[in-house]
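Remarks on the structure that follows.
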Amino acid sequence: MLPPRTGTMAAHADVLVVGGGPAGLGAALGAAAAGARVVLAERYGFLGGNATVSLVMPLMSFHTQRQSPPPPGDDSRLMPTDHGPGDPVVAGVLQELLARLVAVGGAVAPSQETGYTVPFDPEAYKLVMLDLLDDAGVEFLFHALASGVAVEDGVPGVVFETKSGPLVVQAAIVVDCTGDGDVAAAAGAPFEVGREEDGLVQPMTLMFRMVEFERPEFAAYVRENPDQWRGVHGLWDLVAKATEARELELPREDILFFATPHEGEISVNTTRVGGVLATDVWDLSFAEWQTHRQMRQIAEFLRRYVPGFARAYVAQSGVSVGVRETRRIVGEYQLTAEDVLSARKFPDVIARGSYPIDIHNPKGTGTVLQKLPPGEAYDIPLRCLMPQGIDWLLVAGRCMSGTHEAHSSYRVTPIAMATGQAAGVCAALGARAGTPPKRLDVEAVQRELIRQGANLGDLGRGEAGASGR
Ligand SMILES: Cc1cc2nc3c(=O)[nH]c(=O)nc-3n(C[C@H](O)[C@H](O)[C@H](O)COP(=O)(O)OP(=O)(O)OC[C@H]3O[C@@H](n4cnc5c(N)ncnc54)[C@H](O)[C@@H]3O)c2cc1C
Numbered sequence: 034m035l036p037p038r039t040g041t042m043a044a045h046a047d048v049l050v051v052g053g054g055p056a057g058l059g060a061a062l063g064a065a066a067a068g069a070r071v072v073l074a075e076r077y078g079f080l081g082g083n084a085t086v087s088l089v090m091p092l093m094s095f096h097t098q099r100q101s102p103p104p105p106g107d108d109s110r111l112m113p114t115d116h117g118p119g120d121p122v123v124a125g126v127l128q129e130l131l132a133r134l135v136a137v138g139g140a141v142a143p144s145q146e147t148g149y150t151v152p153f154d155p156e157a158y159k160l161v162m163l164d165l166l167d168d169a170g171v172e173f174l175f176h177a178l179a180s181g182v183a184v185e186d187g188v189p190g191v192v193f194e195t196k197s198g199p200l201v202v203q204a205a206i207v208v209d210c211t212g213d214g215d216v217a218a219a220a221g222a223p224f225e226v227g228r229e230e231d232g233l234v235q236p237m238t239l240m241f242r243m244v245e246f247e248r249p250e251f252a253a254y255v256r257e258n259p260d261q262w263r264g265v266h267g268l269w270d271l272v273a274k275a276t277e278a279r280e281l282e283l284p285r286e287d288i289l290f291f292a293t294p295h296e297g298e299i300s301v302n303t304t305r306v307g308g309v310l311a312t313d314v315w316d317l318s319f320a321e322w323q324t325h326r327q328m329r330q331i332a333e334f335l336r337r338y339v340p341g342f343a344r345a346y347v348a349q350s351g352v353s354v355g356v357r358e359t360r361r362i363v364g365e366y367q368l369t370a371e372d373v374l375s376a377r378k379f380p381d382v383i384a385r386g387s388y389p390i391d392i393h394n395p396k397g398t399g400t401v402l403q404k405l406p407p408g409e410a411y412d413i414p415l416r417c418l419m420p421q422g423i424d425w426l427l428v429a430g431r432c433m434s435g436t437h438e439a440h441s442s443y444r445v446t447p448i449a450m451a452t453g454q455a456a457g458v459c460a461a462l463g464a465r466a467g468t469p470p471k472r473l474d475v476e477a478v479q480r481e482l483i484r485q486g487a488n489l490g491d492l493g494r495g496e497a498g499a500s501g502r
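Just so you know, we're using this note's numbering here: the sequence shown kicks off at 34 and counts up by one.
Below, the structure is given as structure tokens:
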């Protein structure tokens, strides 16, 4: 039995955004640009979410694809590194972030020559996020872990654990951008976890950066061994050889790399732990323990077997193991795989996506990839951000409402940012009107998003809400 406790009332905002990842950035900037007083609270001492906490690089492509869909029978395991040169389907806050990152040399702009995924520097990313939020007048609370909700006289508040003891921040509307849906779950929103058949979620991965990597030497090896290489996936034979020699014990059969903006650096996305859930602290502990051991093996393997890595070393691993999937809050609508793959359009569109369904096997090797038809994108309806049964809360990013399969597409950084921006705008309009977001006129949300430069497809090209889609 824990003793009862009191907390300090820290602030009252129009909009409280919980979580400073990609969705949180979108939500805070979207709400501020719509005129709200915004507080953003984050459990770590810096911003970025998976992008910086877990070194998740690069930004996945946010363009429609040029490739034809895979022929029947294709196992579709290739990563879609080079979408485009189709149209971009995400803009708004993402474009603001990108422009600033590129300006400080912290990202490589997408192009035909460099590809349509966006390598970035996580330290530059942290600083650019701070600048963007500062410029927008957003107030921060760092080192604050949301642990519960407290609704007093109808005014919602979120409780935070901090070094200064428990704090409460009240707001007209709260936007849950924690990735895990922590606030929504604490508020009693319904949620789902994992695949329909067994409840398993995508595996966790500790990402790391290696430096003193000789890119030209490595590139020459790739050119001379094309069969070892499929997009960014590769080294199949060497992995098999090291596995047979018991030097590698990985639940995946290949090595997945990404370039960074720095010539002598590479980002490694290869550790994998399945059968674990990141809202369970024992699972998280196991995943950290297991992936750090895998990282040591992988770095040693690369140095020993792979040209270009002889002098390379691990300069940094994620502050936390990377979490792909936890709770999916059940909203007024659940986005489905069919919606994604058929590029479905909705009258209440507030964001768009073109990234494939991309499911890393929760149980072992392999990654399932199912692409949208070339040139196509799907709509995300505002209802996916509205948890069932709660009026003062919106969700955005990877915890928004959808099935396990659809989640594997909308979870990526650019789309999370776009749903965040939509939630922020909706929250600001709701706070200003004193109306629960569910009763707002969706066309008002769409008009404000378009004014802020968001990409709503045909809607942005005509009058908001007038397309009859
Ligand atoms: C290993 C891995 C590789 C990936 N690869 C790519 C890739 O190459 N490209 C790509 O675009 N996407 C990739 N993704 C997906 C992408 O990183 C995430 O899905 C995306 O970051 C989701 O954004 P989000 O804001 O919803 O959540 P998150 O990025 O998880 O951000 C949530 C934020 O909320 C904070 N938070 C959580 N709980 C609380 C709490 N209770 N109180 C206060 N703060 C809290 C966290 O600290 C964090 O800052 C990858 C993900 C993983 C794990």
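No residue lacks a Cβ here, since even glycine has one placed at the ideal position from N, Cα and C.
No experiment lies behind these values; they were computed from the predicted model shown.
By alpha-carbon positions, which one of the options ends up nearest to residue i?
| i | options | result |
| --- | --- | --- |
| Val71 | Gly170, Ala142, Leu127, Arg133 | Gly170 |
| Arg228 | Phe175, Leu92, Gly307 | Gly307 |
| Asp474 | Val123, Asp381, Thr398, Gly453 | Asp381 |
| Val458 | Ile206, Val202, Thr97, Val161 | Ile206 |
| Trp269 | Arg279, Asp287, Ile392 | Asp287 |
| Arg248 | Met93, His440, Glu298, Val51 | Glu298 |
| Arg344 | Ala65, Met243, Leu489 | Met243 |
| Leu134 | Thr293, Thr147, Ala157 | Ala157 |
| Gly422 | Gly198, Leu49, Pro37, Gly221 | Gly221 |
| Val137 | Lys159, Ser94, Thr147, Pro121 | Lys159 |
| Thr464 | Ala275, Thr446, Val188, Gly54 | For the sequence presented, residue 464 should be read as Ala rather than Thr. Nearest C-alpha to Ala464: Val188. |
| Gln98 | Val314, Glu409, Val50, Leu489 | Glu409 |
| Val255 | Phe290, Ser300, Ala278, Thr276 | Phe290 |
| Ala67 | Gln479, Gly493, Arg494 | Gln479 |
| Gln330 | Ala275, Gly59, Leu374 | Ala275 |
| Ser87 | Gly467, Pro407, Thr446 | Thr446 |
How is the beta strand (DSSP E) around residue i delimited, first residue to last?
| i | result |
| --- | --- |
| Ser180 | 178 to 182 |
| Arg360 | 360 to 362 |
| Glu277 | Counting along the chain, Glu277 falls outside any beta strand (DSSP E), though it belongs to the alpha helix (DSSP H) covering 269 to 277. |
| Met450 | Careful: Met450 lies outside any beta strand (DSSP E), inside the alpha helix (DSSP H) at 446 to 466. |
| Arg242 | 241 to 244 |
| His295 | Counting along the chain, His295 falls outside any beta strand (DSSP E), and DSSP gives it neither H nor E. |
| Asp215 | Here Asp215 belongs to no beta strand (DSSP E); instead the alpha helix (DSSP H) covers 215 to 219. |
Buried or exposed for residue i, going by 16 or more other Cβ atoms inside 10 Å?
| i | result |
| --- | --- |
| Thr39 | exposed |
| Asp215 | buried |
| Arg361 | buried |
| Glu129 | buried |
| Leu427 | buried |
| Lys396 | exposed |
| Met1 | Here the chain has residues from 34 to 502 only, and residue 1 is not among them. |
| Ala273 | exposed |
| Ser197 | exposed |
| Asp213 | buried |
| Leu35 | exposed |
| Asp412 | buried |
Roughly how far, in whole angstroms, is the beta-carbon of residue i from the beta-carbon of residue j, given that I think they are within contact range, below 8 Å?
| i | j | result |
| --- | --- | --- |
| Cys432 | Asp209 | 7 Å |
| Ser318 | Leu239 | About 13 Å separates the two Cβ atoms, so there is no contact after all. |
| Ala451 | Ala384 | 4 Å |
| Pro389 | Ser442 | 6 Å |
| Pro91 | Phe153 | 6 Å |
| Gly52 | Gly82 | 7 Å |
| Gln203 | His393 | Not quite, the Cβ-Cβ distance comes to about 39 Å (not below 8 Å), so this is no contact. |
Output the boundary residues of the alpha helix (DSSP H) element that contains residue i.
| i | result |
| --- | --- |
| Ile483 | 475 to 484 |
| Pro155 | 155 to 168 |
| Arg133 | 126 to 136 |
| Leu374 | 370 to 374 |
| Ser350 | Counting along the chain, Ser350 falls outside any alpha helix (DSSP H), though it belongs to the beta strand (DSSP E) covering 346 to 350. |
| Tyr443 | 437 to 443 |
| Ala205 | Segment 200 to 209 is the beta strand (DSSP E) holding Ala205; no alpha helix (DSSP H) there. |
| Asp412 | Element bounds for Asp412: not the alpha helix (DSSP H) but the beta strand (DSSP E), 411 to 414. |
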